[in-house]
Structure formats: structure tokens, C-alpha cells
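The sequence shown: position 11 = 6 (our numbering), numbered continuously. Quick reminder that beta carbons are idealized off the backbone N, C-alpha and C, glycines included. As the structure is a prediction and not an experimental result, all values here were calculated from the model.
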Amino acid sequence: MQLSFSKEIPKTESIANLLNTSSVIDNVSAQSFGENNIILRFSNIDEETHQKIITLLKENYNENFTEEKFNSIGPNIGDELKRKTVLAVILAIIAIILYIAWAFRQVSKPVSSWVYGLIANVALLHNIIITIGAFSMMGELYNMQVNAPFIAAILTVLGYSVNDTIVIFDRIRENLKKH
């Protein structure tokens, strides 16, 4: 839920505390956005609870705000997104293994070409885990959120990781031919 305040913007902690201590909803997080906007995040709610939240906020903040946006993503959408994401990741891993195995098919000694593909995925997993871990810590400390630019950044890290791994494997292949 995005709220736009016309006068003085209240502290995000006070809004979160107000809603968390009320009997309407719990586990609310508030984040300031722009000069006079606040974004509230909470679990999936029905329209009745939504209206109770608006009423509670109007009672405590003298109606000096407007609700700019309200989005609710239910568990069905989340489950479908999770299923499609897992499928896409599995297909990408298989594609990377097959591509690297094909690209390095002439290098059979002392390491099989399939091993190169598996090692590339381990390196990729390492880079992604470090990136997501760093972002998770920033999310906890600075209340950052996963959104489209974050997904684009992860895909960029993924692309560079595979590219760098292929370059390194190519150097290994050249050195194996020399020695």
C-alpha cells in the first residue's frame, strides 16, 4: 500500500507500531518513498481489513494522506511464480551444462567436458549466493526490497559469471594443449 501525505510525513516507525499494536493486522513494515510517500507491506489481506487499515490511519493522522496504490499478491500467484522460477532455473542449468560440454568436447584429458559444465554451475551458484546474501543483509539493515532492477542485476551477474567461467576454461584448455 502506498500512501502520499499532503502535510508533514509521519515517521515510518510510528505507522508500523500503530498498525502492529492494533488488532487489525500485524507484521507491518513501513518504508519512506520519495519526499512525502510511505509504502506499507504486510501479508495478503481482504477488502474489509484494507478498509479497517485506512480508517485507523485516518483517525490517527487527521486524513492528511491519500492512498496512491494498493496491490495484493495472493498465495496462488506466488506459488505459480515460484514453480515457474524453479523450472526456468533447472532448464538454464541444463542448458549451461550442455553448452559448455559441447564447447569443450575436444578437451577430454585430464578432465571430461561434462565436468567443465558442472564446475561452471558451481561457480555460478557461488557468485549468485554471494550477491543475494549481500543484498539480503542490505535488505535487513536498510529495508531494501526485491524488485525488477534487482532481478536484472542478478541476471547480469549470472551472464558475466558464465562468460568469465568460459574465458577461464578456454585458458585452461590452451594450457592443457601446451603441456
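Residues that DSSP places opposite residue i in a beta bridge
i   : result
L35 : A25
F60 : F0
Selected residue, minimal CA-CA separation from residue i, among the options
i    : options                    : result
G128 : F145, N116, I114 and A115  : F145
I95  : K172, L13 and I163         : I163
T16  : N39, E42, L51 and S27      : L51
E8   : V23, L93, F0 and Q(-3)     : V23
A118 : I91, P105 and K79          : I91
N32  : N170, F60, V152 and P105   : F60
A98  : G134, I85, I149 and R168   : R168
K53  : F0, E42 and I85            : F0
K104 : M139, S27, F37 and N170    : N170
I34  : N57, N55 and K6            : K6
F37  : S67, N57 and S27           : S67
F65  : L(-2), R166, A143 and M139 : L(-2)
D165 : S27, K79, S108 and N57     : S108
Length of the line joining the Cα atoms of residue i and residue j
i    : j    : result
I124 : K2   : 43 Å
A87  : F130 : 23 Å
I89  : G29  : 42 Å
E63  : I149 : 29 Å
V141 : E42  : 25 Å
E135 : N39  : 21 Å
V106 : I85  : 24 Å
L13  : N55  : 9 Å
K173 : V110 : 21 Å
N116 : M139 : 28 Å
G112 : T151 : 19 Å
K77  : N57  : 41 Å
M133 : T80  : 23 Å
A143 : I114 : 29 Å
Local Cβ density within 10 Å of residue i, reported as buried at 16 or more and exposed below that
i     : result
S18   : exposed
I4    : buried
T160  : buried
A11   : buried
Y137  : exposed
A83   : exposed
M(-4) : buried
F93   : The question names Phe, but residue 93 in the sequence shown is Leu. Exposed.
A25   : buried
V102  : buried
Min CB distance residue i to chain E below 7 Å
i   : result
K53 : Looking for chain E here will not work: only one protein chain is present.
Cβ-heavy atom distance, residue i to the ligand COA, below 6 Å
i    : result
P105 : Looking for the ligand COA in the displayed structure turns up nothing, as the structure carries no ligands at all.
Does the segment 40 to 51 come within contact of the segment 73 to 81, defined as at least 3 CB pairs closer than 8 Å? no
Are the segment 108 to 126 and the segment 151 to 166 in contact at 8 Å, needing three or more beta carbon pairs? yes
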